[in-house]
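See the structure below:
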């Protein structure tokens, strides 16, 4: 029996125990976990410092170190997230539909847990806590496989959670950390069809691609966002400027930040130089432009074909000029990662066509793409943003971690 | 460019054309397709006879020949199915949820098509027509890959549909048949991640296993059913007898027929001999029994370990005796294919535990498993019965062929 087999079997047993807990018990335990995280702040920070020392030795970038760093405030933030999940309505047991059919059978379709969820993620250790709380609230067991860089932090967080569970007489195997961070074990997890009902990868494009190529268990692709802002011929150009600045510069490292600007030729000459000036006042952004845009911008560099397909996660933006709405839609659909796309226009017909025809989880009219987020969308929580079409699309809250089951009650009916 | 690439590209173009059709137009065209099928009955029967002649030459079994055979009545039945789909409510454009968020963004989540659906199926040619009508109603293009045995019938049916589409100025590539029935091309279809949004295999356990092992596109597993009837200590034994006879003998070839009987030891001595006698009056059924059941039945044969995991699709049933409800639940969960399972009991608490703890798409109390069906469940149609947990579980109607998309309309909002 392999390491993953053992984790998988324990998760299945834990799952059965978890199924017996009511909503009230789950909420009480989540609050206890939140409290334990705060109480164990010193222990967690000590373990986190081991990862930071290692990061320093490995010469990891300042951005990555920031993602990895825990502070008392950040730990309190994680605890507050767990408390918020405890306050959300429990989708498990919810009746999706129910009726008596022609045969007199009482048919009720109810929400049930998926079973065992696995998550493979990169450096931010808070994902351990977030993912546990959402899985626990939906009565799923979870197997976490975090990055090597954060192994000590993840071990500490999972240990604190498991202790809090044990002290409430809950099987701690509802959350397990894959402590062997080798690629071989990660691949085994991706292929553990007997143990894993759903695998959610969270991280950069490379992680997602690896998981897509190697997974045999069902996966939900998340988070890669080459998001476009299309500034139409009939746009309010001041509004367009504000939206581009916000979508590009407010937090460039996240998946719903804009990477690509598409401009209608009818307003390009007026818009692009003004945009360039306005952006420069806020933040230095490197524009990589096609030939037409290049001629209109003073600071832009020529774009390569690859630029239009790149999620920079940085202060860089590709720019191209199109001659029609059709060309804009075709362009966006060619390069979209199906995450978030936006049009800025005053024309209602063009707005509707863009929304109908662009193939993405979230399509905006006259707003920044930065809003695609489970909290902002009112789901109360977020386990990731699905960029695929099956099961869940866009920001995923608790419901995305459930399946349904038909309960049918009869009085001896047989089929004629 | 490969054969599947060409089909895939045509399907994508057809998809865009299809997106422009309103519900009324789709319904009109479905009615025209139904009419064309009836009008072209002679042509379809002529082509079907080629398959039947081939089947005769290949010495194919009578059951398979029956599945393959078309008649004027069966063609009228297909046409009637298409008319029924035209009468169903169109899920596309349906608003799943909609609200104005704290930022003043109008957020609407709407049902949208999945895109391109592929279906790999075995001998029954009516699947071509059913699958087309459900895909068309949900504005999805479909690529059909039927069995070699039915190739002439499928070609004829698809040709009739395509002609009807063309004569209504609809791009006929919304339905395409893979005419090359080689395994290599089928495998290419399973891996066509650039062209196929969802693949649904419909057929026997071997087909489903092959697709599961080889597919790279998203799939929904369907239809394999090792369905159990558990007769509890507190069952109404007359009711149990009726249910077992119905679930086993009314139509043994289908996926929701029962294959396995599980009996509580408290009533086994009374129930099993009576059942044997009652079944024999209706239909010769071969029981394959564990040691305890064997001792109580006069005609049963000893079961092998494999028997308990087998979907016979025939007048054969495995039988075993358990000493508790816990053992019954554990037994069912060990051998279930997650399709349909039933308990017969008068005890409300035991009924609830069985329904909660058995991991299947449909769990019955005091009724035959034979009811698991999209029409019977009131979905109005059925593209298959999902035995997996993601996206759709149980009978799948039109909704299972849709995704959702967030439409967000703002007035220039940017994120703070």
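Chains as they are written, first to last, in full-length UniProt numbering: chain A, 1 to 416; chain B, 1 to 416.
Just so it is clear, CB atoms sit at the ideal spot from N, CA and C, and this is done for glycine as well.
Per DSSP, residue 273 of chain B is one residue of the alpha helix (DSSP H) stretching across 265-282. Taking a Cβ-Cβ threshold of 9 Å, none of the residues of chain B is close to residue 260 of chain A; the smallest such distance is about 18 Å. Sequence-ordered contacts of the segment 238-267 of chain A with chain B read 239, 242, 243, 246, 250 [C-beta pairs closer than 7 Å]. Between residue 226 of chain A and residue 260 of chain A a beta carbon distance of about 6 Å is seen, short of the 8 Å cut, so the two are scored as contacting.
When 7 Å is used as the limit between beta carbons, residue 218 of chain A is near these residues of chain B: 390, in chain order. Here the C-alpha atom of residue 56 of chain A lies approximately 24 Å from the C-alpha atom of residue 78 of chain A. Per DSSP, residue 407 of chain A is not a residue of any alpha helix (DSSP H); the beta strand (DSSP E) it occupies stretches across 402-413. Between the alpha carbons of residue 215 of chain A and residue 30 of chain A lies a gap of roughly 31 Å.
Spanning the alpha carbons of residue 82 of chain A and residue 143 of chain A requires a straight line of approximately 18 Å. Across the segment 362-375 of chain B, CB contacts with chain A closer than 8 Å involve 362, 363, 364, 365, 366, 367, 368, 370, 371, 372, in sequence order along the chain. Cβ-Cβ separation between residue 310 of chain B and residue 282 of chain B: approximately 22 Å, too far for a contact (criterion under 8 Å). The shortest CA-to-CA distance from residue 60 of chain A to any of A:75, A:104, A:87, A:123 is the one to A:123. For residue 70 of chain A, there is no enclosing alpha helix (DSSP H), as DSSP marks it with neither H nor E.
At a C-beta separation below 7 Å, residue 99 of chain A has these neighbours in chain B: 378. By the neighbour-count definition (other C-beta atoms within 10 Å, threshold 16), residue 40 of chain A is a buried residue. The C-alpha of residue 224 of chain A is placed about 7 Å away from the C-alpha of residue 204 of chain A.
Under the three-state reduction of DSSP output, residue 179 of chain A falls in the coil class, being neither helix nor strand.
Shown here, residue 46 of chain B sits in a helix according to DSSP, grouped into three states. Contact check for residue 415 of chain B against residue 370 of chain A passes: the beta carbons are separated by less than 7 Å. Neighbourhood of residue 411 of chain A in chain B, by CB distance below 9 Å: 239, 366, 367, in chain order.
Between residue 393 of chain A and residue 386 of chain A a beta carbon distance of about 5 Å is seen, short of the 8 Å cut, so the two are scored as contacting. By the criterion of at least three beta-carbon pairs nearer than 8 Å, the segment 230-240 of chain B is in contact with the segment 340-349 of chain B. For the options A:400, A:193, A:136, A:70, the alpha carbon positioned closest to that of residue 24 of chain A is the one of A:136. The C-alpha of residue 149 of chain B lies about 32 Å from the C-alpha of residue 389 of chain B. Look at the beta carbons and you see the segment 315-332 of chain B touching the segment 288-296 of chain B: at least three pairs across the two are nearer than 8 Å. For residue 332 of chain B, the closest C-alpha among the options B:173, B:316, B:308, B:352 is that of B:308. In this structure, DSSP gives residue 335 of chain A a helical state, which the three-state scheme calls helix.
Bridge pairing for residue 386 of chain B: B:222, B:394 [DSSP]. Spanning the alpha carbons of residue 121 of chain B and residue 26 of chain A requires a straight line of approximately 44 Å. For residue 128 of chain B, the enclosing alpha helix (DSSP H) stretches over residues 126-137. Under the three-state reduction of DSSP, residue 293 of chain A is assigned to helix.
The Cβ atoms of residue 367 of chain A and residue 374 of chain A do not sit closer than 7 Å to each other.
Judged by DSSP secondary structure, residue 285 of chain A falls outside any alpha helix (DSSP H); it is assigned neither H nor E. In terms of beta-carbon proximity, residue 355 of chain A lines the interface with chain B, with at least one pair separated by less than 7 Å.
By the CB criterion at 7 Å, residue 258 of chain B and residue 247 of chain B fall inside the cutoff.
For residue 315 of chain A, none of the residues of chain B pass the 9 Å Cβ criterion, the least Cβ distance being about 17 Å.
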